[in-house]
Ligand SMILES: [Ca+2]
Ligand SMILES: [Ca+2]
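Residue numbers (my numbering), protein chains in the order written: chain A, 12 to 474; chain B, 12 to 474; chain C, 25 to 178.
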């Protein structure tokens, strides 16, 4: 036993089979790295924390829990179906089953973050991942999905002393190949959205003190764009791999999927990037037209990377993986816990190496932060609903489009900020003060929209 | 040199003279403890930081810097004169010179925190400090001031091998005797406002996880009121001595000075304590009637202790003195830096013992927090001014008192919260998320007051 | 040849370093010769090191590692070179009292520290250390374990 542990220690990467860049199925990888694979498999499990966790049922609706969301999202697919996130193993199923996909047309870009999609990009682009990414994004969802199934996984088949690869059709959720180089096991990022987005962030001038390699690149000659896989430190990579998906994005029919980071990562910087953006038809950027008011509004999606970027942990060099994939001892080995989940389920490893205080105390500290965010979000939601009521009333009273212009412009800002915190998944923990600030601004814009609508209703054009 | 350091390490407390509980002049104490006295003397110095420091001139007006404050305080003495705080040495001068005192009648209670006043309480109360505190508080300011001058300081006179005490008339700002027991040099609290206030807090049920001795007292038989000088830990005392003065208070003609902590230390808990309080004439609590709107509003004063209580540092057991009076090495000895001031002037000792990151980085972290607070406070101030404009307009349009009742009730809440953060002196640092939450609520109340006023104006009773 | 250098270097260098830094009186008074040994008291002899000593006494490694196990390289040359350099530096700093407080570990000594962790725990963390894609190699142990030497600092 001791002897066995010593052997394990010497040979960390004893490979029994070879895997390739096209092995999207994680099972063969699991033959080589059973500990990480075991953890990965656990992401299917149901868990529970006060504001997070994965309750295991695909029906836990956030729309039922917070009915004001239906008002906010009126006219958009999110008003149809918006659920609690779950573990990584579910990501593809959950996308296939959401009414946003089953009842509304969606673009192939959706698969960017819900499937192990890079080999399909490579195939469609004839070796050029970027070209394939653009091409797949243009297909309707189910056509794109069929392409991913067709690409399948290049699985190793061992026969005696030789090994060959065989393509097994089928689509897979995020797998080892999405974060690891098949040859070296190094971390790397693969997602075009991230690669382009972080390069755009670097080329801008918003300060990013929590990403030293970006600051360093900016001081260089800037001849080549910032390349995360070349320029980033290992510690940064421990967040970048997550930043491939846990980010705000545009994913719709009117432009190629992109991460709006050119002007920086704060809510209003992203808003300004959107405001500067023009669709091909010259129209300004928007996600959808609000069904109740007609405003051209924005949808925020899970800006975890952006929010984390504003917090003290990022500033102190603490990566996503430090908390969500902490090291754990397995026999003579220390490995990263590949059961990616809420750190509140694993406080000892996720927090206590750095914070030497009892588990209950850490739980209480998180609760204080999250409860505060939750309370302020409730206040912000009431303001947003009052805003919608007032605009609807003003329209009913006959206010003209011109008279409502100010109210609608303010609505766009108010909704964006409220949704930015609502859609973020840590209930404010990743950046407590910043989340509260964004909500404070949302309240201001919502109430000002309400006031503008009241003014418009007071002297309607049609009277 | 090495030899001298070795000696120093051996006897830190060599007393050359005796001091008494009536030695309000710190100079004689300085004979025994010259290092602390040297630091204490430095509090006269001018310093500067981005949002803090002590610019050394008694004329740095916060009203000129933030003109919206004049609107907020309309009708109250604070609209006349409100300046940047300075070092402890100035506290009595600055009070004597403020136009709030020179042009408005003020109660003797003002001296509670601006002079070394306990011996005067004892004298007026015939040995009973509490009785003297009530008596002095009832006198007009200058009469009370004369009593403090008359009490003077009991100073030691050394003649050969004997020592006697001699009373030297004169009033002094906070001195050694206000925080230290003259016999043992132990920390202790002396201020009736604090002693009563913290006992009231203990007797209530608001959770105070950052004050373990209060939680412990609550589990006991509660026969005796919570006594800070008996029950508190040394670490708690390192904040309590500051909590004697750096707190929200009521200090006016209509009731004895008190700290409103019965329902807890958060902004809305204090508000509820005030809302439950009745003056002797049965009227509900208020500080003054707003000159523009007639609302009965509240004034917040420097709630440092209360705000610190909501922050992570308090929760982690970090005391005021840890940051504002850090230990500094003098030879082999560690002494507390008695130059009480902004920690940003002394980052190495104030922060780096706990945070092992470069000074510039700590400065940047504080700037991020303070800039966020400052920006949200500006938004909140605009909302407050809009509110006042709207109420004034409604009155002008002939809205009745009944019609304005809702707007005025909301104004009280909005002002209270904005002022709670404005009057606090760390620009949000002591509790970043909580300060942002309070501002977010202020914005909501101010805008709702504005909306209520607009509604009242729309159908004025007099039309 | 190489051998003689490695032997004579430390023997000469340490007293030399200390002497330059302190002057001979202080070197003796501050019990400078004990600096050559492995006893933690040698470090704590200098009161400036009291805090770290106290922390170490209460820390998790008290029973298994002394100051030099963590703060000097584990090869002979490096060990005495480091002692000489540190001896010179600490003595000079102590005499002139011109160092920044609180004392903070410098880059060179931080690198030595990291190697010391790996010296004892290399097997355990082999898998983590294996696939560093940058010059950093293994992750910095003190990023998470800053308390192992001297207990929690905050
Ligand atoms: Ca979006
Ligand atoms: Ca007050």
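Think of the CB as a built atom: it goes at the ideal place given N, C-alpha and C, for glycine as much as any other residue.
DSSP links residue 266 (chain A) through a beta bridge to A:263. Among the residues of chain A, none has a CB under 9 Å from the CB of residue 369 (chain B); the nearest is roughly 12 Å distant.
By the Cβ rule, the region 458-465 of chain B counts as touching the region 414-426 of chain B, because three or more pairs are nearer than 8 Å. Distances between the C-beta of residue 121 (chain C) and the heavy atoms of ligand 2 are all 7 Å or more. One alpha carbon belongs to residue 386 (chain A), the other to residue 407 (chain B), and they sit about 36 Å apart. A Cβ-Cβ contact shorter than 8 Å links residue 176 (chain B) with residue 31 (chain B). Residue 85 (chain B) sits away from residue 311 (chain B), with the two beta carbons spaced by 8 Å or more.
Exposed is the label assigned to residue 411 (chain A), since fewer than 16 other Cβ atoms lie within 10 Å of its Cβ. Per DSSP, residue 72 (chain C) is not a residue of any alpha helix (DSSP H), being assigned neither H nor E. In this structure, C:63 is the residue among C:124, C:116, C:73, C:63 with its C-alpha nearest to the C-alpha of residue 93 (chain C).
For residue 144 (chain A), there is no enclosing beta strand (DSSP E); the residue is found in the alpha helix (DSSP H) stretching over 140-149.
Measuring C-alpha to C-alpha distances from residue 43 (chain A) to each of A:194, A:437, A:273, A:425 identifies A:194 as the nearest. Taking 7 Å as the cut-off, the C-beta of residue 261 (chain B) counts as close to a heavy atom of ligand 2. Membership of residue 178 (chain B) in any alpha helix (DSSP H) is not indicated; the residue belongs instead to the beta strand (DSSP E) covering 173-179.
Taking 8 Å as the cut-off, the beta carbon of residue 429 (chain B) is found no closer than this to the beta carbon of residue 466 (chain B). In this structure, DSSP gives residue 184 (chain A) a state outside helix and strand, which the three-state scheme calls coil. Checking the 7 Å criterion, the Cβ of residue 286 (chain B) is out of range of every heavy atom belonging to ligand 2. The beta carbon of residue 312 (chain A) sits closer than 7 Å to at least one heavy atom of ligand 1. For residue 354 (chain A), the secondary structure class from DSSP, reduced to helix, strand or coil, is helix. At least 8 Å separates the beta-carbon of residue 364 (chain B) from that of residue 176 (chain C). Beta-bridge analysis with DSSP links residue 191 (chain A) to A:198. Among the bridge pairs identified by DSSP, residue 300 (chain A) is matched with A:307. Per DSSP, residue 339 (chain B) is one residue of the beta strand (DSSP E) stretching across 338-341.
Inter-segment contact for the region 317-336 of chain B and the region 257-277 of chain B is present: three or more beta-carbon pairs are separated by less than 8 Å. According to DSSP, residue pairing for residue 168 (chain A) in a beta bridge involves A:175.
At least one beta carbon of chain B lies nearer than 8 Å to the beta carbon of residue 124 (chain C). Near chain B, meaning a CB-to-CB distance below 8 Å, the residues of the region 56-87 of chain C are 71. Taking C-beta separations shorter than 8 Å and ignoring five residues to either side along the sequence, the partners of residue 383 (chain B) in its chain run 439, 443, 447, following chain order. For residue 438 (chain B), the secondary structure class from DSSP, reduced to helix, strand or coil, is coil. In this structure, DSSP gives residue 127 (chain B) a state outside helix and strand, which the three-state scheme calls coil. Each residue's CA atom was taken as its position, placing residue 308 (chain B) and residue 108 (chain B) some 26 Å apart.
Excluding five sequence positions before and after residue 123 (chain C), the CB atoms of its chain that fall closer than 6 Å to its own CB belong to 117, given in chain order. Along the region 360-388 of chain B, going in chain order, the ones with a CB nearer than 8 Å to a CB of chain C are 360, 363, 364, 365, 366, 367. By the criterion of a C-beta distance shorter than 7 Å, residue 71 (chain B) is surrounded in its chain by 94, 95, once the five residues flanking it on both sides are discounted. Neighbours of residue 343 (chain A) in chain C, taken as residues whose beta carbon is under 7 Å from its own, are 147, 148 in chain order.
Remark: three or more beta-carbon pairs, one from each stretch, lie closer than 8 Å, so the region 124-133 of chain A and the region 157-177 of chain A are flagged as touching.
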